[in-house]
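**Q** Start counting the sequence shown at 1; every next residue gets the next number (our numbering).
For each residue, glycine too, the CB sits at the ideal point set by N, CA and C.
If you're wondering where the values come from, they're calculated on a predicted model, not measured in any experiment.
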Amino acid sequence: MNKTKNLKESEVIRYIENNPVVSTALCEKHGISTETIAYALYVNSNKFFLKNDYVMDDIHYDIAKNNLIVMKPTLKPFYKRTRQVDYNGYTFLSGVKEHQDYYILLTLCCYHWIADVFTHYNHSEGSKVVVDVANDLLKRSIDSFSVEHKNVVNCFNSLKAQLPSYKK
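1) Alpha carbon to alpha carbon, how far is H30 from D86? Give it in angstroms, no decimals.
2) Is any heavy atom of the ligand FMN found at a distance shorter than 6 Å from the C-beta of N52?
3) Taking the straight line between their C-alpha atoms, what separation do you get for K128 and L41?
4) Which residues in the same chain have their Cβ closer than 7 Å to the Cβ of D57, if we skip the five residues on either side of it in sequence?
5) Is the beta carbon of D101 sitting closer than 7 Å to the one on V152?
6) Answer yes or no: do L7 and Y61 have a C-beta to C-beta separation smaller than 7 Å?
7) So, is T34 buried or exposed, given that buried needs 16 or more other C-beta atoms within 10 angstroms?
8) Using the rule of at least 16 other Cβ atoms within 10 Å of the residue's Cβ for burial, across every protein chain shown, is N2 buried or exposed?
9) Pull up the CB-CB distance for K97 and R83, whole angstroms please, since I reckon it's below 8 Å.
10) At what residue ranges does the stretch 26-92 contain a whole run of the alpha helix (DSSP H), taking only runs of 4 or more?
11) Go ahead and label S141 buried or exposed: buried means 16 or more other beta carbons lie within 10 angstroms of its beta carbon, across all protein chains shown.
12) Quick one, are the C-beta atoms of P164 and Y79 less than 7 Å apart?
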């Protein structure tokens, strides 16, 4: 996987603003800036990792080819041992062993979670934008990673069927 160095918060927001991470057609469709989307994506991905209790410290980001983002939370020790996925209060064992694969799996779950939360938590006009962006990134990530990380995509697809939906 061709990647840059680990990016932190302000760097990843800047990266999303200046690179085709989010489709410009989506931005135009909703009349919203990439800066707003970059910030929303950062905030909501953080919420995913915090809500599911993954994080000891900062979240770092790798930029993979095709301008896709892989999120790399500083995991609590038990995640390193079990490679589990926690999702809306439920725990799933993923069976994914490689660290990079595990981060890709968590990234796919994160996009799925963001789309799910904003589908159910439709509190503003902005909800539809976030759902569209998360689904766009999820689809592009799956398309890209199914080439070199097919096992991760297969794992995500079988997990997705079991993941409980967000409840207000």
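**A** So, from the data block:
1) Straight-line Cα distance between these residues: approximately 32 Å.
2) Here there are no bound small molecules, and the ligand FMN is not part of this structure.
3) Computed Cα separation, rounded: 13 Å.
4) T74, listed in sequence order.
5) Yes, these two residues count as a Cβ contact at 7 Å.
6) Less than 7 Å divides the Cβ of L7 from the Cβ of Y61.
7) Burial call: buried.
8) At N2, the pLDDT of 46 sits below 50, so the modelled position is not reliable; the number obtained from the coordinates is stated separately. Per the 10 Å Cβ criterion, exposed.
9) Separation of the CB atoms of K97 and R83 is rounded to 7 Å, and the pair is thereby assigned contact status at 8 Å.
10) DSSP runs (the alpha helix (DSSP H)) wholly in the stretch 26-92: 34-51 and 77-82.
11) By the 10 Å Cβ count, S141 comes out buried.
12) Their beta carbons are not under 7 Å apart, which means P164 does not touch Y79 by this criterion.
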